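Here our numbering is used: the first residue of the sequence shown is 1057, the next is one more, and so on. Step one of this worksheet: look at the structure below.
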Amino acid sequence: MKTNTKTIALTVACVCACAAARGADDAKASVAPVAGAKALKYSPMIFGHFIEHFDTQVYGGLFWPGHALSDEDGFRKDVIEALREIKCPIVRWPGGCYVSDYHWKCGVGPNRQPMWNKAWAVEDPNTFGTDEYVKWCRKVGCEPYICTNAGTGNEEEMSDWVEYCNLNSGKWGRQRIANGYPKPHDVIYWSVGNENWGGHEIGAKTVEQWGPLVRESAKMMRGADRRIKLLAAALPAEGWTLPLLKAAGRFLNYVSVHGYYVWGKGDTPYLACMMRTERPEADIMRTIRTLEKAGFGGGRIAIAFDEWNLRGWYHPGLGNFKRGAVMDYAARRQNDVASYYTMADALFSACFLNTCLRHCDIVKMANFSPVVNTRGAVFVHDKGILKRTTYHVFWMYTHLLEANFAPVKVDCGTLSDGKASVPVLDAVLTVSDDGVRRVLAVVNKSPDKAVSLDVSALGAKSASLAATVLSGASPDDYNDIGAENRVVPVKTTLAVKGGKVELAPHSLSCIALD
Ligand code: AHR
């Protein structure tokens, strides 16, 4: 990541001016270690992503054959480089709702069959299928994670897919070899289904159907390859997930839950977005209670938040398939409007990841949804790419945090929109394996007030601390084509006065304490 010294100077100056003007000293806070609590290694898989055959995420997104910026396989090189830069650990594919009527066999080999996708009401040419996806993942350097069709698909189609990817024998393993891939793809992460609990999903299932279907699918998929790690579509709700766990828990490594926290076009105001920052915690706690009740607590089955984003996707005319509803493709393209992805998205995302870190004994995977275009961290266009504010959160977390999470207690004021309130700060402490280096990641959600954070209990002794700060000229600031670097991480030093550092309004700071 390139940092520009001029921008750094300007940003530091602006941060100080804002603090002075808005009376930072009124807002005091402190952070202290939790006595006796041990640091825990967290799973880097929480920094994962998701890609779906939806609008221009795949075609005209990461896959753009013949484009000057694409490689010999048709993959956009700038996208691959951007994902390598954020050490993207895993990408879930091909859906999402898309997968619930997707038949993978139409997307392999020399004779690709275009399919009408009933979830998104588009024709898919099927030129980006399993082999292309795995090849793309290997170029990015991430793990592939395939979500299977448990809507119109069946147990056998799922296990044939495992066989195709991971075996050199059997009808489907041999088929892969014949298609030009002599080495197994070795796909380890597999999910049975996507959101099959919901009326919006093609081939939705009842509670009674779901557990047995997952169990039988799991038996067959593991029959193809015993190494695989299995997930199944679940909910942070006991009514669905408890029967699933009773029927199929012994076959599962993770339950898959999803979280989108505001809906509509993307113009939900900053403060309303900040009021949602505690909701992922509630979802995780509900899921943990169900796992415990089913006898799979304590990490015996982990949680994969394998689709999450502040904003749910906007697709007017779709969803509940009501009679007379019109699919409004043009309105759907508003998912790509640059100005919708602001500091609110970045700070919500940092709070979300902090929540996963606080539950790192149970939350072992999370997938930002999606990775490219629509509401993703990277926007791809004809001339290049745009890194949205959320992209930089992933960069900061994968580059600046240490490998272990250490519990801390944060005392701070609250932020309110008049109806609800949340703590104004969200902080996590990370520690290196040898305990020598510590990095505090802290979000100041206040739109306009700096917060003075007392870090003396963490034993930070120097007069200034090295930090990297993501902020912006206003809480609504965003990156755009032609203004790509308006919101970027800035390296700075924070003065420590009386044990306190000042956190800029609407900012994420990663502070090196040692
Ligand atoms: O709107 C996109 C969809 O959101 C994904 O396909 C689905 O899994 C989630 O409900």
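Glycine included, C-beta positions come from ideal geometry on N, C-alpha and C. A quick note: this is a predicted structure, and the numbers were derived from the prediction, not measured.
With burial defined as no fewer than 16 other Cβ atoms inside 10 Å of the residue's Cβ, what is the status of residue i: buried or exposed?
{"i": "Thr1470", "result": "exposed"}
{"i": "Glu1137", "result": "exposed"}
{"i": "Val1382", "result": "exposed"}
{"i": "Gln1265", "result": "exposed"}
{"i": "Leu1550", "result": "buried"}
{"i": "Met1341", "result": "exposed"}
{"i": "Trp1149", "result": "buried"}
{"i": "Glu1212", "result": "exposed"}
{"i": "Leu1096", "result": "exposed"}
{"i": "His1314", "result": "buried"}
{"i": "Asn1391", "result": "buried"}
{"i": "Ala1077", "result": "In this prediction, Ala1077 has a pLDDT of 34, which is less than 50 and means its spatial position is unreliable; nothing more can be read from the coordinates."}
{"i": "Arg1140", "result": "exposed"}
{"i": "Ala1459", "result": "exposed"}
{"i": "Ala1513", "result": "exposed"}
{"i": "Ala1483", "result": "buried"}
{"i": "Lys1133", "result": "exposed"}
{"i": "Gly1226", "result": "exposed"}
{"i": "Gln1113", "result": "buried"}
{"i": "Asp1489", "result": "exposed"}
{"i": "Trp1217", "result": "buried"}
{"i": "Asp1362", "result": "buried"}
{"i": "Ala1516", "result": "buried"}
{"i": "Val1492", "result": "exposed"}
Report yes if the CB atom of residue i is closer than 8 angstroms to the CB atom of residue j, and no otherwise.
{"i": "Arg1367", "j": "Val1318", "result": "yes"}
{"i": "Gly1320", "j": "Ile1357", "result": "no"}
{"i": "Asn1235", "j": "Asp1187", "result": "yes"}
{"i": "Pro1503", "j": "Val1525", "result": "no"}
{"i": "Pro1372", "j": "Ala1387", "result": "yes"}
{"i": "His1159", "j": "Asn1210", "result": "no"}
{"i": "Ile1142", "j": "Phe1450", "result": "yes"}
{"i": "Tyr1326", "j": "Ala1400", "result": "yes"}
{"i": "Met1421", "j": "Ala1476", "result": "no"}
{"i": "Trp1369", "j": "Arg1431", "result": "yes"}
{"i": "Val1511", "j": "Leu1481", "result": "no"}
{"i": "Leu1287", "j": "Leu1308", "result": "yes"}
{"i": "His1109", "j": "Asn1423", "result": "no"}
{"i": "Val1155", "j": "Met1330", "result": "no"}
{"i": "Thr1262", "j": "Thr1297", "result": "no"}
{"i": "Ala1200", "j": "Val1147", "result": "A small correction: the amino acid at residue 1200 is Pro; Ala does not occupy that position in the sequence shown. Contact: yes."}
{"i": "Asp1323", "j": "Tyr1245", "result": "no"}
{"i": "Asp1402", "j": "Thr1454", "result": "Before going on, a small fix: residue 1402 reads as Ala here, not Asp. Against a cut-off of 8 angstroms, the Cβ pair of Thr1454 and Ala1402 comes out as no contact."}
Can you find a heavy atom of ligand 1 that lies under 7 angstroms from the Cβ of residue i?
{"i": "Trp1319", "result": "no"}
{"i": "Gly1368", "result": "yes"}
{"i": "Tyr1154", "result": "yes"}
{"i": "Gly1151", "result": "yes"}
{"i": "Glu1212", "result": "no"}
{"i": "Asn1250", "result": "yes"}
{"i": "His1314", "result": "yes"}
{"i": "His1437", "result": "no"}
{"i": "Glu1363", "result": "yes"}
{"i": "His1109", "result": "no"}
{"i": "His1371", "result": "yes"}
How far does the beta strand (DSSP E) with residue i in it extend, from its first residue to its last?
{"i": "Trp1246", "result": "1245 to 1248"}
{"i": "Thr1470", "result": "1470 to 1472"}
{"i": "Pro1299", "result": "Counting along the chain, Pro1299 falls outside any beta strand (DSSP E), though it belongs to the alpha helix (DSSP H) covering 1294 to 1304."}
{"i": "Asp1281", "result": "No beta strand (DSSP E) contains Asp1281, which DSSP labels as neither H nor E."}
{"i": "Leu1481", "result": "1481 to 1487"}
{"i": "Met1421", "result": "1419 to 1424"}
{"i": "Trp1461", "result": "For clarity, residue 1461 is Phe in the given sequence; the question names Trp instead. Taken as a continuous stretch (DSSP letters only), the beta strand (DSSP E) holding Phe1461 covers 1460 to 1462."}
{"i": "Thr1549", "result": "1546 to 1551"}
{"i": "Val1511", "result": "Where Val1511 is concerned, there is no enclosing beta strand (DSSP E), given that its DSSP letter is neither H nor E."}
{"i": "Ala1088", "result": "1084 to 1089"}
{"i": "Thr1524", "result": "1520 to 1526"}
{"i": "His1437", "result": "1434 to 1437"}
{"i": "Ala1497", "result": "1494 to 1500"}
{"i": "Pro1200", "result": "1199 to 1203"}
{"i": "His1105", "result": "1104 to 1106"}
{"i": "His1109", "result": "That residue, His1109, is in no beta strand (DSSP E); it is neither H nor E in DSSP."}
{"i": "Ser1563", "result": "1563 to 1568"}
Between which two residues does the alpha helix (DSSP H) carrying residue i extend?
{"i": "Trp1217", "result": "1211 to 1222"}
{"i": "Lys1227", "result": "1226 to 1234"}
{"i": "Asp1401", "result": "1399 to 1414"}
{"i": "Val1449", "result": "1445 to 1456"}
Compare the C-beta of residue i with all C-beta atoms of chain B and state if any pair is closer than 8 angstroms.
{"i": "Leu1485", "result": "Included in the structure is just one protein chain, with no chain B present."}
Hey, would you say the C-beta of residue i is under 7 angstroms away from at least one heavy atom of ligand 2?
{"i": "Leu1526", "result": "Among the ligands in the structure shown, ligand 2 does not appear; only ligand 1 can be found there."}
Query raised in the report: Can you give, in chain order, each stretch of the beta strand (DSSP E) that sits fully within the region 1121 to 1185 and has at least 3 residues?
Result: 1146 to 1149, 1171 to 1173, 1178 to 1180
Query raised in the report: Whole beta strand (DSSP E) runs in the region 1324 to 1394 with 3 or more residues, listed along the chain?
Result: 1358 to 1367
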